[in-house]
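Here's the structure, in structure tokens; my notes come after.
The following block contains the structure:
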């Protein structure tokens, strides 16, 4: 079964510039009703909780009434996003086509103890990679987390990770929701650099058609430097490995895709571990958004059956971006006794039976729906998994140029677990 959220709606807005309306009021009302009707048709899990279904119906009816009034696009997108988030499902995400929006000239990363800046190519001077954000739009990071919970479902880890991964803190439409845009159309930001100097700036929005590409490159460079194990790319092929002879081997998984030969690759990795005499193995699922549960089962069973013949100690490495199937694999590591969880807490997961998609008829919004089984086949719900060996990335690590995962790998010996 494919892992995703119970009747989650991932709303992908088509390439519709926010400078023109996303339909008139009747069109918006029509599509809000379509969302509500589709949830009722497919949200069997929610249907087994009458109180939550009744609350969803009331919220949807309220939004239909509100959509009868003229409103800017960003406010309408807020209605759609908060309605989807009300399903209380961490898989429920909303984002418009990035080419259609204006953005701040930087993106962000939420470390374990603070929010830091990641300027993108072409950004103005004055803000550096790793500057700690003290306030954005007049709100502290803690206040931003609270405000974002209306639009992103899940734990605080899910909220913070998704807010950065999908540029909610950069996009004007989302910053408008958060009340972060001043009357001049700018966003006040207060940052503290590595030397402790505090700067207060006002950032203007830019309409870069390639903002997604620029932000993606900034995030990839940051991840490869501070999150991925040394010599292991965080954003590359769906899987791969790196083995240090006599010390450890790292097998990275960036997707539980059934079509890319994960189990075949894992067997080759284990053969390399034996050949090079590495007594420790690390299965790295940092930033892995999930995939097919059948792949999770295959990986877990393979590791469970051969663990005593190939290596002495096994670990699974997670972070806030370990989601869906990654959470289930971490759970399997613990339940089967394969090894401990290392790194940072994961996101959350629910198991479902499939996905379907459709396009809203009037506004052009495209919806992807994850379908919950209509019976009690739903047998597994994995909340966030907390590591027994925390390896957090901190603001101080970023400002000093330290990769905490690399530091932890350096503690692995050939004779004893850490």
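In this note's numbering, the protein residues as written are 1 to 418.
We put the CB at the ideal spot given by N, CA and C, even for glycine.
Using a Cβ-Cβ cut-off of 6 Å (strictly less than) and excluding sequence neighbours within five positions of residue i, which residues of its own chain qualify?
i           : result
residue 174 : 168
residue 312 : 279
residue 254 : 238, 288
residue 416 : Legend: pLDDT at residue 416 = 44, less than 50; position of this residue unreliable, value from coordinates given subsequently. No residues qualify anywhere along the chain.
residue 480 : Because the chain spans 1 through 418 in this model, residue 480 falls outside it and cannot be assessed.
Quick one: what's got a C-beta closer than 7 Å to residue i's C-beta in the same chain, skipping five residues either side?
i           : result
residue 152 : 85, 158, 159, 162, 163
residue 392 : 112, 344, 404
residue 336 : 300, 304
residue 329 : 285, 296, 299, 300, 316
residue 64  : 29, 32, 33
For the alpha helix (DSSP H) holding residue i, just list the boundary residues, first then last.
i           : result
residue 140 : From DSSP, residue 140 is part of no alpha helix (DSSP H); its letter is neither H nor E.
residue 331 : 325-335
residue 346 : Careful: residue 346 lies outside any alpha helix (DSSP H) and carries neither H nor E.
residue 84  : 73-85
residue 272 : 262-276
residue 161 : 156-165
residue 225 : 211-226
residue 397 : 395-400
residue 407 : 404-409
The beta strand (DSSP E) spanning residue i covers which residue range?
i           : result
residue 249 : 248-253
residue 115 : 114-119
residue 445 : Residue 445 lies beyond the residue range present for the chain, which begins at 1 and ends at 418; the question has no answer from this structure.
residue 108 : 106-111
Return yes when the C-beta of residue i is under 6 Å from any heavy atom of the ligand ADP, and no when it is not.
i           : result
residue 136 : As for the ligand ADP, it is missing from this structure, which has no ligand bound.
Give every residue of the same chain whose Cβ lies closer than 8 Å to the Cβ of residue i, excluding the five residues on either side of it in the sequence, and list them in chain order.
i           : result
residue 257 : 238, 291, 292, 295
residue 387 : 318, 340, 341, 342, 343, 344, 345
Cα separation between residue i and residue j?
i           : j           : result
residue 193 : residue 398 : 11 Å
residue 380 : residue 243 : Unreliable placement is indicated for residue 380, whose pLDDT of 47 sits below 50; the coordinate value is still reported in the next sentence. Going from the Cα of residue 380 to the Cα of residue 243 covers about 33 Å.
residue 145 : residue 178 : 10 Å
residue 128 : residue 117 : 7 Å
residue 215 : residue 134 : 21 Å
residue 422 : residue 325 : With the chain represented from 1 up to 418, any question about residue 422 goes unanswered, as that position is not in the structure.
residue 315 : residue 36  : 43 Å
residue 283 : residue 211 : 32 Å
residue 246 : residue 275 : 10 Å
residue 270 : residue 140 : 46 Å
residue 385 : residue 183 : 42 Å
residue 190 : residue 402 : 24 Å
residue 201 : residue 39  : 43 Å
residue 230 : residue 285 : 15 Å
residue 108 : residue 409 : 26 Å
residue 232 : residue 251 : 9 Å
residue 71  : residue 264 : 53 Å
residue 143 : residue 155 : 15 Å
residue 89  : residue 348 : 9 Å
residue 69  : residue 54  : 24 Å
residue 406 : residue 228 : 8 Å
residue 30  : residue 59  : 15 Å
residue 302 : residue 138 : 51 Å
residue 248 : residue 224 : 19 Å
residue 132 : residue 125 : 16 Å
residue 25  : residue 49  : 32 Å
residue 199 : residue 240 : 42 Å
residue 172 : residue 57  : 29 Å
residue 413 : residue 148 : 42 Å
I think residue i touches residue j, with their Cβ atoms under 8 Å apart; what is that distance to the nearest whole Å?
i           : j           : result
residue 79  : residue 67  : 6 Å
residue 205 : residue 103 : 6 Å
residue 123 : residue 136 : Residue 123 to residue 136, Cβ: 15 Å. No contact.
Are any of the Cβ atoms in chain B nearer than 7 Å to that of residue i?
i           : result
residue 237 : In summary, chain B is missing from the structure at hand, where a single protein chain is found.
Counting only runs of 3+ residues fully inside the segment 173-209, write out the beta strand (DSSP E) ranges in chain order. Inside the segment 173-209, DSSP marks whole beta strand (DSSP E) runs of 3 or more residues at positions 187-192, 198-203, from first to last along the chain.
Whole beta strand (DSSP E) runs in the segment 35-70 with 3 or more residues, listed along the chain? Those beta strand (DSSP E) runs which fall completely within the segment 35-70 and span 3+ residues do not exist here.
Complete runs of the beta strand (DSSP E) confined to the segment 282-322 [at least 3 residues]: The segment 282-322 contains these whole beta strand (DSSP E) runs: 313-318.
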